[in-house]
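No gaps in the numbering here: position 63 of the sequence shown is 62 in numbering that gives the first Met the number 0, and each next residue is one more. Some notes on the structure that comes next.
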Amino acid sequence: MTTTRVATTRPAASASAAGVADPAHTTSSSGRYDGPIIDAHQHFWDLTLGKHPWLAPGVRVPHRYGDYEAVKHDYLPDDYRRDAGPHRIIASIYVDAEWDPTDGLEETRFVHALHARTGLPNAMVAQAWLDHDDAGAMLAAQAAAPLVRSVRHKPGAAATPEAALAGERSLMSAPQWRRGYAQLAAHGLHFDLQVPWWQLHEAALLARDFPATTLIVNHAGVPGSREAPTLDGWRRALDAIAPLPNVFVKVSGLCEADHPWRRDRQTAILDALFDRFGAERLMFGSNFPVDGLFVTLGTLLDDFKALLADRPEAQQRAFFHDTALRIYRPVMPNADDARTDAPQ
């Protein structure tokens, strides 16, 4: 794959520019968080560009949510702002959206153009294929883009927990993939990891072997079903990875393919995550528009705010804002110290 150089200034957005929450005014009289929010995991797409094969008419790939036909429409910042309604989302983190893999930098250019035009998104998790021969060149090119903070390459997984227990491994154990992963820290890049919970033991080895690289577990390790045996296995998987200080978790993508969204079905998930990671290693992510298959963005935020209302104000602020601010360093529109030149 041929890579193209991008703008070389990587802004470190100031805390004031990125909208640090005022500790005196982030919860309401009911205890619910009402401060600024950084959405750590969301997507945009313009289907007129024809760059998302999985969203093309007539195409249906296997998806953990089952039928996803309802998300096959343009989803851009105006749509997202409408969905957010009165909630104070001040920044969003774009995560790669299965763009045509023949040119991952084209997606990066698309995101920078959106930011320049609309003010969203404010940081990016870019596409990179760690097992390709040109992984180093691609990482260098992505790292030079002003909004890119992390990359994602889904490494695959065993089909079942039993297969993983029997020794089936993902790309996380492949030597060439790990050689690509080993280059992330030199480029100042994090890694966003999406695997089902039964692959987290393998991820723990990755985090242990590369302590200088921040590993961000997407979708809380994909617990999926709320059945007791599944949750028990998921908790044990969290126990394997939680002691590693370079691991963070996005609380996102918690919908269930076979069950409507319900607030009370998230309680056990949040309790397990807070017990193991603490608020300072957790961050809210909407996974919109994909999670819009099950719940509105307004309801999603209302429910998370209600579920966290009994927790200390500082924990709520960390979950909704501070952790994502620290990890993704979002670039806010008109920040004096931020260059957001589109990749060339």
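We put the CB at the ideal spot given by N, CA and C, even for glycine. These numbers come from a predicted model, not from an experiment.
task = Would you kindly work out how many angstroms separate the C-alpha atoms of Arg151 and Leu113, rounded to a whole number?
result = 20 Å
message = What does DSSP give as the partner residue(s) for Val150 in the beta ladder?
response = Ala125, Phe190
ask   = Among Trp197, Ala206, Pro242, Thr212, which residue has its Cα nearest to the Cα of Thr346?
value = In the structure displayed, the chain extends from 0 to 343; residue 346 sits before or after that span and is not available.
key: His200, enclosing alpha helix (DSSP H) - first and last residue   = 199-208
query = Where does Met282 sit, in a helix, a strand or coil, going by DSSP?
reply = strand
request  = Run the CB neighbour count on Thr213, radius 10 Å, all protein chains shown included, and call it buried at 16 or more, exposed below.
outcome  = buried
inquiry  = Tell me which residue opens and which closes the alpha helix (DSSP H) that Val110 is part of.
reply    = 103-117
key: Beta-carbon contacts of Trp44 that lie in its chain and below 6 Å, excluding the five residues immediately before and after   = His51, Tyr74, Ala96
query = So what does Trp44 bridge to, in DSSP terms?
reply = Tyr74
ask   = According to the neighbour-count rule (16 or more other Cβ atoms, all chains shown, within 10 Å of its Cβ), is Leu237 buried or exposed?
value = buried
message = Beta-carbon within less than 6 Å of Val294's beta-carbon, same chain only, minus the 5 sequence neighbours each way: which residues are those?
response = Trp260
task = Determine the closest residue to Asp82 out of Leu272, Arg328, Leu296, Ala142, with distance taken between C-alpha atoms.
result = Leu296
inquiry  = Three Cβ pairs or more, each shorter than 8 Å: is that satisfied between the stretch 106-122 and the stretch 307-314?
reply    = no
task = Could you name the residues of the same chain whose beta carbon sits closer than 6 Å to that of Gly99, not counting the 5 residues immediately before and after it, in chain order?
result = The question names Gly, but residue 99 is Asp in the sequence shown. So the qualifying residues of the chain are Lys50.
inquiry  = Which of the three DSSP states is assigned to Val58 in this structure?
reply    = coil
task = Taking Leu214 as part of the beta strand (DSSP E), name the residues at either end of that continuous run.
result = 214-216
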